Amino acid sequence: MPVSEENNCILLAIESSCDDTAAAICKNGKLLSNVVARQQVHEKYGGVVPELASREHSMHMIPVVHDALQIAGVNPSQLDAIACTRGPGLLGSLLVGNAFAKSYAFSLGIPLIQVHHMLGHIHALLDCSPPPTFPFLCLTVSGGHTQLILVKNSFTLEILGETMDDAAGEAFDKAGKMLGLPYPAGPQIDKLSKEGSPIFSFAKPQVPGLNFSFSGLKTSILYFLQKQTKENPDFIKNNLQDLCASIQTTIIDILLEKIQKAIALTGITDVGIVGGVSANAGLRIAAEGLVQSQRGRIFIPPLSLCTDNAGMIAIVAYHMFQAKQFAPRLSEPVARWELASSYSN
Ligand code: KG4
Ligand code: ZN
0 MPVSEENNCI LLAIESSCDD TAAAICKNGK LLSNVVARQQ VHEKYGGVVP ELASREHSMH
60 MIPVVHDALQ IAGVNPSQLD AIACTRGPGL LGSLLVGNAF AKSYAFSLGI PLIQVHHMLG
120 HIHALLDCSP PPTFPFLCLT VSGGHTQLIL VKNSFTLEIL GETMDDAAGE AFDKAGKMLG
180 LPYPAGPQID KLSKEGSPIF SFAKPQVPGL NFSFSGLKTS ILYFLQKQTK ENPDFIKNNL
240 QDLCASIQTT IIDILLEKIQ KAIALTGITD VGIVGGVSAN AGLRIAAEGL VQSQRGRIFI
300 PPLSLCTDNA GMIAIVAYHM FQAKQFAPRL SEPVARWELA SSYSN
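Take the sequence shown: its letter number 63 is residue 62 in the working numbering, and every next letter is one higher.
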């Protein structure tokens, strides 16, 4: 196996689980580049169209990898391993990233490392300065996941609670679609909320323990909008900012209630928030207030590591490289993958 320089470990990581084509280079666990090509093609469809996502990945992959290498000032011959997201995600999208990573690793004669997407989101916290200390609580909130996890160490995790239906990001996106906002609606709702007030109230779920539910909220918003637009067809247009602020506040309240409960149950007050929704300005401020009131510390990755990116995959891959957790050459990507079975302790 080629080793770039004595004791140095240079990795290329690729992320293609959904609609972002991303590549990053890290040297000894520190990111040298983190490039993302976001796919605009899905905006008008109100959600990701899997076939279009795969085609866009095929088009973007080589330019994105090229940029990542160039920004980092790294030559392919210096790479020690190539990492990619194995799953979970859209199978067609994952196939493009895995096929590219495997072929590239094979042609360079270096190992392949396959990473769990959500482990990547959690490991993005280790790039915070200072990083959280183990054990800590981690809320993962993305377009496909909402989980409360007890992180005992880098590779020992216990899921304390998770969503029973929609993910938090999905709740933002589906609510936004009802308001006529383009996909993904989360960032738009975040932006419009800043100009509005949470004057409308929506049903909050009564879910026991640390599990979440967002499908009741979706129905509550739908019925409310149907009733209001019947009386005034311009209701959404005239109240867009207040509607966004009200929806965002309700989602944040649901998330914070469970964080507070998890702190009370475990006595652990260091809390991380990761995944695309952790980019939400309202959530970042509210979570900081809550955790500080519990005399705890909040950790949220920098914005470039919140939404899907390859830097977070590179951070996990660095730990897996040291533990020599390489993928067999025939290992295929997987659309569904339990977090706990994705690594060895
Ligand atoms: O982690 P991510 O980039 O991709 C998945 O793994 O799903 O998360 C994407 C989700 C989308 O649902 C998007 O609307 C949401 O994260 N999101 C946001 C914000 N930025 C992205 N939601 C609320 N506020 C934001 N600023
Ligand atoms: Zn993600």
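Glycine is no exception: its CB is placed at the ideal position from the N, C-alpha and C atoms. Remember, predicted model here, so these are calculated numbers, not experimental data.
| request: Closer than 7 angstroms by C-beta to V2: which residues in its own chain qualify, once you throw out the five before and the five after it? Chain order, please. | output: Walking along the sequence shown from the start, residue 2 turns up at place 3. In this predicted model, V2 has a pLDDT of only 49, less than 50, meaning its place in the structure is not dependable enough to derive any value.
| request: Following the continuous alpha helix (DSSP H) through G208, name the residue where it begins and the one where it ends. | output: As a position in the sequence shown, residue 208 is number 209, starting the count at 1. Where G208 is concerned, there is no enclosing alpha helix (DSSP H), given that its DSSP letter is neither H nor E.
| If you compare alpha carbons, which of D126, S57, N74 and R54 is closest to K29? | In the sequence shown, residue 29 corresponds to position 30, counting from 1. Cα-wise, what sits closest to K29 is D126.
| message | If distances are taken between C-alpha atoms only, which option among S102, I246, D19 and D269 comes closest to R294? | response | Taking the sequence shown and counting its residues from 1, the one referred to as residue 294 is at position 295. Across the set S102, I246, D19 and D269, the C-alpha of D269 shows the shortest separation from the C-alpha of R294.
| Of the residues P186, T20 and H65, the one placed nearest F171, counting alpha carbons only | Here residue 171 refers to the residue found at position 172 of the sequence shown. Considering only alpha carbons, the answer is P186.
| query | Of the residues S53, L136, P327 and D233, which one's Cα is nearest the Cα of G266? | reply | As a position in the sequence shown, residue 266 is number 267, starting the count at 1. If we check each option's Cα against that of G266, L136 comes out closest.
| Length of the line joining the Cα atoms of R85 and I198 | Looking up residue 85 in the sequence shown gives position 86. Looking up residue 198 in the sequence shown gives position 199. If you draw a straight line from the Cα of R85 to the Cα of I198, it is about 43 angstroms long.
| Contact between the segment 223 to 236 and the segment 248 to 262 (3+ Cβ pairs under 8 angstroms) | Under the 8 angstroms Cβ criterion, the segment 223 to 236 does not count as touching the segment 248 to 262, having fewer than three qualifying pairs.
| Quick one: is N152 buried, meaning 16 or more other Cβ sit within 10 Å of its Cβ, or exposed? | What you label residue 152 is simply residue 153 of the sequence shown in a count that begins at 1. For N152, the number of other beta carbons within 10 angstroms of its own is below 16, and it is reported as exposed.
| Distance, Cα to Cα, H115 vs F133? | Start at 1 with the first residue of the sequence shown, and residue 115 comes out as number 116. Start at 1 with the first residue of the sequence shown, and residue 133 comes out as number 134. When rounded, the distance between both Cα atoms is 20 angstroms.
| Should the segment 3 to 22 be regarded as contacting the segment 81 to 100, the criterion being three or more beta carbon pairs within less than 8 angstroms? | They touch, by the three-pair rule.
| query | Is E194 helix, strand or coil when you go by DSSP? | reply | As a first step, residue 194 must be located in the sequence shown, where it is residue number 195. E194: coil per DSSP, three-state reduction.
| request: Please go through the same chain and pick out, in chain order, the residues whose beta-carbon is closer than 8 angstroms to the beta-carbon of I314, but skip the five residues on each side of it. | output: Along the sequence shown, read from residue 1 onward, the residue named residue 314 stands at position 315. If we look at I314 and ignore the five residues flanking it on each side, its Cβ neighbours are C25, G28, L30, G119, H122, A123, L125 and D126.
| task | Have a look at the DSSP bridge pairing and note the partners of G271. | result | Walking along the sequence shown from the start, residue 271 turns up at place 272. G271 pairs with C137 and F298.
| M163 versus N210: straight-line alpha-carbon distance, rounded | Sequence index remark: in the sequence shown, residue 163 carries index 164 (1-based). Sequence index remark: in the sequence shown, residue 210 carries index 211 (1-based). CA-CA distance, M163 to N210, rounds to 7 angstroms.
| request: Thinking L90 and P332 are a contact (beta carbons under 8 angstroms), I'd like their distance in whole angstroms, please. | output: The residue labelled residue 90 in the question sits at position 91 within the sequence shown. The residue labelled residue 332 in the question sits at position 333 within the sequence shown. Right, their Cβ atoms sit about 7 angstroms apart.
| said: I want to check one thing, is the minimum distance from the CB of D307 to the heavy atoms of ligand 2 below 6 angstroms? | reply: Here residue 307 refers to the residue found at position 308 of the sequence shown. Yes.
| query | Just to check, is the beta-carbon of F320 closer than 6 angstroms to a non-hydrogen atom of ligand 1? | reply | Along the sequence shown, read from residue 1 onward, the residue named residue 320 stands at position 321. Not under cutoff, so the answer is no.
| message | Quick check on the DSSP output: the alpha helix (DSSP H) that includes G175 runs from which residue to which? | response | Within the sequence shown, the letter at position 176 stands for residue 175. It spans A167 to M177 - the alpha helix (DSSP H) in which G175 sits, taken as one unbroken run.
| query | Is the number of C-beta pairs between the segment 218 to 228 and the segment 303 to 314 that are closer than 8 angstroms three or more? | reply | Output reads no: the segment 303 to 314 does not touch the segment 218 to 228.
| message | Just checking S106 against ligand 2 - is the residue's beta carbon closer than 6 angstroms to any of the ligand's heavy atoms? | response | One-based indexing of the sequence shown puts residue 106 at position 107. No, the beta carbon of S106 sits no closer than 6 angstroms to any heavy atom of ligand 2.
| task | Kindly give me the distance between the Cβ atoms of A21 and V35, rounded to whole angstroms, as I take these residues to be in contact under 8 angstroms. | result | Reading the sequence shown from its first residue, position 22 is the one you call residue 21. Reading the sequence shown from its first residue, position 36 is the one you call residue 35. About 4 angstroms separates the beta carbon of A21 from that of V35, a gap short enough to meet the 8 angstroms contact definition.
| field | Residue burial classification, E337 (beta-carbon count within 10 angstroms, cutoff 16) | value | As a position in the sequence shown, residue 337 is number 338, starting the count at 1. The residue is exposed, with fewer than 16 neighbouring Cβ atoms inside 10 Å.
| query | With distances taken between CB atoms, is the gap from H144 to A166 smaller than 7 angstroms? | reply | On the sequence shown, residue 144 is found 145 positions in, with the first residue counted as 1. On the sequence shown, residue 166 is found 167 positions in, with the first residue counted as 1. Against a cut-off of 7 angstroms, the Cβ pair of A166 and H144 comes out as a contact.
| request: State yes or no: is the C-beta of G271 within less than 7 angstroms of the C-beta of F298? | output: The residue you call residue 271 lines up with position 272 of the sequence shown. The residue you call residue 298 lines up with position 299 of the sequence shown. Taking 7 angstroms as the cut-off, the Cβ atoms of G271 and F298 count as close.
| task | Over the uninterrupted beta strand (DSSP E) stretch that includes C243, give me the two end residues. | result | Translated into the one-based positions of the sequence shown, residue 243 becomes position 244. Bounds of any beta strand (DSSP E) do not take in C243; it lies within the alpha helix (DSSP H) bounded by F234 to T265.
| Given S102 as reference, the closest of V140, I61 and L68 once Cα atoms are compared | Reading the sequence shown from its first residue, position 103 is the one you call residue 102. Closest option to S102, judged by alpha-carbon separation, among V140, I61 and L68: I61.
| Would Y317 be called buried (16 or more neighbouring beta carbons within 10 Å of its own) or exposed? | Reading the sequence shown from its first residue, position 318 is the one you call residue 317. Answer is buried; the Cβ neighbour count reaches 16.
| query | Nearest-angstrom Cα distance between E55 and P49? | reply | Translated into the one-based positions of the sequence shown, residue 55 becomes position 56. Translated into the one-based positions of the sequence shown, residue 49 becomes position 50. Answer to the nearest angstrom: the Cα atoms are 10 angstroms apart.
| Where K190 falls, given that 16 or more other Cβ within 10 Å makes a residue buried | To locate residue 190, count along the sequence shown from 1; it is residue 191. K190 should be labelled exposed.
| Which ranges would you report for the beta strand (DSSP E) in the segment 31 to 90 if only whole runs of at least 3 residues count? | Entirely contained in the segment 31 to 90, the beta strand (DSSP E) runs reaching 3 residues are, in chain order, 80 to 86.
| task | State the DSSP-derived secondary structure class of K151, mapped to helix, strand or coil. | result | What you label residue 151 is simply residue 152 of the sequence shown in a count that begins at 1. Three-state result, K151: strand.
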